[in-house]
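Participant: Note that full-length UniProt numbering gives residue 158 to position 158 of the sequence shown, counting from 1, and the numbers run on in steps of one.
The beta-carbon is built from N, C-alpha and C at its ideal position, and this holds for glycine as well.
Small disclaimer: the values here were computed from a predicted structure and weren't measured.
Here you go, one structure.
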Amino acid sequence: MNWRYLASAVTAFAECFLLAGLIFGWTSISFTLHSLNYFCFPPPNSSSVSLTSSISISQSTITSSPSQSSSSSTYFQTTSPFLSRAYFSRSPFTSPAPSACPDQDQSLSLAFSIATFTMAFSSLPLGWFFDTYGTWAAQAVTLVLYCGGAVFIACSSPGVSELVYPGTIGIAVGGAMMLMTNLQVGNLFPRYQATFITACNGAFDSSPSIAILIKFLWQAGIPLQYCFAAISLAFPLLIIRCLVLLPRYHIPLPAPPGYRYGLSLSFFKRRESPGEPEGKEQAEFETQQVPSPSGSGDASLWASIFSRLYLSHFVWLSLLQFRHFLYISTLHPWLSTLSAGDVDMISWYTTLFAITQSCAWLCAPWNGCLIDVCRQRLLKGRKDVRFAGLGSTIPSLGLTSLLGIAFAGVAAIPKLQAQGLAFCLQVMSMTFIYGGNAAFIAIVFPSAHFAKLIGLMMSASAIPLLLQLPLVSFSKEHPHMVNLITFVLCWFSLIHPMVVYRHYRKLSSSQANNADEAMPEHNPPDV
């Protein structure tokens, strides 16, 4: 096996796992920021803290017994009295006093909501940029955004908490682009392409484990700013990896025998060779694209976008994705409510949440295996691969909807112990949603428009995420009502598998009479 191919695959997986999905570890990062009093601005009509309360809190901190201290409370007790356990037990978690920080949880949730909305909404322009200018240009933008975001957080402090907003946006958008540019490495292994893609998606979803590592380091006494500064210092290594182990433009599918890419001595020799002009990789990539049957790519693209299946899939993705993002952005105040402000319990459950998130790479391939098994069964006695592919997505879509409903139902239970099961359902549902989304678009619609269609899908699905902004404020006073509303909305996701099944049955009936016209190999679905 080519060492460069293997190195590209290993480093792509590592990059997705260690960096790309760090924003989804927001629960752990939010806990740390909350403990450091980020966004803690007392109301202007009240004094910051009365002298009496400050003295009493300080005394309680000094006289607290060592047996009651933990890794987190020890840090609180060795800093300002406003970071003591007494302060947390009375402030933003339960019925805060006028001198507390009533908008702290809302500000932290808002930072995550804005970052995830920007990440999803930018998917279309980022996909277009990647297709147009190639891997090196896209990776350059990616690393500037990601490392720049890490620098913003490294430079932040409770006094300049606003730097968290551009920091989270840079990490979220850069991480999404990082995943997009690494998925093409699967083209180097045609037999294992689906396995590699799902593994990278699972690694992306498992990145919150790095956030819990940051939380552990902070509790051990290492400042949060040092952790993000270390991430930003990885910029030179990531640039070298991009130039050496990724192509200048794109990896063709399938990769031709002896395909070479990346920066090396042979690269400069090829640049000087008149027989291999600059941009050979791009030319090879373009020759692999499937032309539109009508001769116009725009017509086929627009027909796909306005098809019934694509619009139904958009509603399906928006409903399930909305519940996940809202849950992550409001998890800290929700745990605070259920634990009655117990800092140790909140820390324990945020750690458990991050641990379950780190197992996403184990769950991700299951959905692909389900689709592959169903497709092989449908191919028996049938010649139309795309028709069998459409039918193979129905069980996957249905199971994903049921997982989303189960997650929303368990997450709404006002019992702290139930959240452990909700964490497991959340990570399984999340991996099925995004893996199923990519598989559905790749199987049902023309491959020539895959990047544009999936980019548009992710960007359009970001619009409903704007509802997070008012719901975050509303959930602060009425968390049970918000949980009930989102639980009911998740039930509507079952409509999409029914729409696909009805369309499949319609094509199945017509295939008996005219199999060639029922579902052309490269045409968008007939609606």
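Please classify Cys-359: does DSSP put it in a helix, a strand, or coil?
Facilitator: Coil, per DSSP.
Participant: Please report how far the alpha carbon of Ser-347 lies from the alpha carbon of Phe-31, in whole angstroms.
Facilitator: Between Ser-347 and Phe-31, the C-alpha separation is close to 7 Å.
Participant: Tell me whether Pro-395 sits in a helix, a strand or coil according to DSSP, three-state version.
Facilitator: Note: Pro-395 maps to helix in three-state DSSP.
Participant: Quick check on Ala-12: does DSSP put it in helix, strand or coil?
Facilitator: Three-state DSSP puts Ala-12 in a helix.
Participant: Is the segment 161 to 180 in contact with the segment 119 to 138, if contact means three or more CB pairs nearer than 8 Å?
Facilitator: Contact between the segment 161 to 180 and the segment 119 to 138 is present, because at least three Cβ pairs lie under 8 Å.
Participant: Within the same chain, show all residues whose beta-carbon is closer than 7 Å to that of Leu-183, passing over the 5 residues directly before and after it, in chain order.
Facilitator: So the qualifying residues of the chain are Ile-197, Cys-200.
Participant: What is the DSSP secondary structure of Asn-37, reduced to helix, strand or coil?
Facilitator: The answer is coil: DSSP assigns Asn-37 none of H, G, I, E or B.
Participant: Which word fits Lys-506, buried or exposed, when buried means at least 16 other C-beta atoms lie within 10 angstroms of its C-beta?
Facilitator: Answer is exposed; the Cβ neighbour count stays below 16.
Participant: Going straight from the alpha carbon of Val-141 to that of Arg-248, what length do you get?
Facilitator: Val-141 and Arg-248: Cα-Cα distance of roughly 14 Å.
Participant: Let me confirm a value: Asn-2 is counted as buried when at least 16 other C-beta atoms fall within 10 Å, else exposed. Which label applies?
Facilitator: Result: exposed.
Participant: Would DSSP call residue 532 helix, strand or coil?
Facilitator: Residue 532 lies beyond the residue range present for the chain, which begins at 1 and ends at 527; the question has no answer from this structure.
Participant: For Tyr-146, count neighbouring C-beta atoms within 10 Å of its own C-beta (all shown protein chains included) and say buried if the count is 16 or more, exposed if not.
Facilitator: So Tyr-146 counts as buried.
Participant: So for Gln-417, helix, strand or coil by DSSP?
Facilitator: It is coil, neither helix nor strand.
Participant: Quick one: give me the first and last residue of the alpha helix (DSSP H) that Lys-380 is part of.
Facilitator: Where Lys-380 is concerned, there is no enclosing alpha helix (DSSP H), given that its DSSP letter is neither H nor E.
Participant: Tell me the start and end of each unbroken alpha helix (DSSP H) in the segment 99 to 156 that is at least 4 residues and wholly inside, in chain order.
Facilitator: As far as the segment 99 to 156 is concerned, its whole alpha helix (DSSP H) runs of at least 4 residues are 104 to 121, 123 to 154.
Participant: Which of helix, strand or coil does DSSP assign to Asn-2?
Facilitator: If DSSP states are grouped into helix, strand and coil, Asn-2 belongs with coil.
Participant: In the DSSP assignment, find the unbroken alpha helix (DSSP H) run with Gly-174 in it and report its ends.
Facilitator: Unbroken alpha helix (DSSP H) run through Gly-174: 164 to 183.
Participant: Spatial neighbours of Ala-442 within its chain, please: CB distance less than 7 Å, with the 5 preceding and 5 following residues excluded, ordered by chain position.
Facilitator: Correct list, in chain order: Phe-450.
Participant: Would you kindly report the start and end of the unbroken alpha helix (DSSP H) that includes His-313?
Facilitator: From DSSP, the alpha helix (DSSP H) with His-313 extends over 308 to 338.
Participant: Only counting the same chain, and skipping five residues up and downstream in sequence, which positions put a Cβ closer than 6 Å to that of Ala-194?
Facilitator: The residues are Gly-368.
Participant: Between Glu-15 and the rest of its own chain, which residues show a CB-CB distance below 8 Å, the 5 nearest in sequence each way excluded?
Facilitator: Excluding positions up to five away in sequence, the list reads Met-178, Asn-182, Leu-238, Arg-241.
Participant: Note down, one range per segment and in chain order, each alpha helix (DSSP H) of at least 4 residues found wholly within the segment 451 to 488.
Facilitator: Listed in chain order, the complete alpha helix (DSSP H) runs (minimum 4 residues) inside the segment 451 to 488 are 468 to 477.
Participant: For Tyr-504, which of helix, strand or coil comes out of DSSP?
Facilitator: Residue state, collapsed to three classes: helix.
Participant: Quick one, are the C-beta atoms of residue 529 and Ser-207 less than 7 Å apart?
Facilitator: Residue 529 cannot be examined here, being either before or after the span of the chain that is shown, 1 to 527.
Participant: So, do the segment 307 to 314 and the segment 495 to 503 have three or more beta carbon pairs nearer to each other than 8 Å?
Facilitator: Counting Cβ pairs under 8 Å, three or more are found: they touch.
Participant: Got a sec? Which residues, its chain only, sit under 8 Å from Ala-150 by beta carbon, not counting five neighbours each side?
Facilitator: Contacts found: Gly-167, Gly-170, Ile-171, Phe-228, Ala-229, Ile-231, Ser-232.
Participant: Residues in the same chain with beta-carbon distance under 6 Å from Gln-139, minus the five sequence neighbours each way, listed in chain order, please.
Facilitator: Contacts found: Thr-181, Cys-242.
Participant: Looking at C-beta atoms only, is the number of pairs between the segment 109 to 118 and the segment 457 to 477 that lie closer than 8 Å three or more?
Facilitator: With a cut-off of 8 Å, the segment 457 to 477 and the segment 109 to 118 count as touching, because enough Cβ pairs lie within range.
Participant: For the alpha helix (DSSP H) containing Leu-245, list its first residue and its last residue.
Facilitator: Its alpha helix (DSSP H) spans residues 235 to 245.
Participant: Are Leu-319 and Leu-489 touching if we call contact CB-CB under 7 Å?
Facilitator: Closer than 7 Å, so yes.
Participant: Would you call the segment 18 to 29 and the segment 210 to 218 in contact, with 3 or more CB pairs under 8 Å?
Facilitator: Touching, per the Cβ criterion.
Participant: My output table needs one value for Phe-445: the three-state DSSP class, helix, strand or coil.
Facilitator: Of the three classes helix, strand and coil, the one that applies to Phe-445 here is coil, per DSSP.
Participant: With DSSP run on the structure shown, which of helix, strand or coil describes residue 528?
Facilitator: Outside the shown range of the chain (1 to 527) lies residue 528, about which nothing can therefore be said.
Participant: Exposed or buried, which one is Lys-415 when buried takes at least 16 other CB atoms within 10 Å?
Facilitator: Exposed, since its Cβ has fewer than 16 Cβ neighbours within 10 Å.
Participant: CB-CB under 7 Å to Ser-330, same chain, minus the five flanking residues each way: which ones, in chain order?
Facilitator: Per the sequence presented here, residue 330 reads as Thr, with Ser not at that position. Taken in chain order, the residues that qualify are Ser-109, Val-472, Ser-475.
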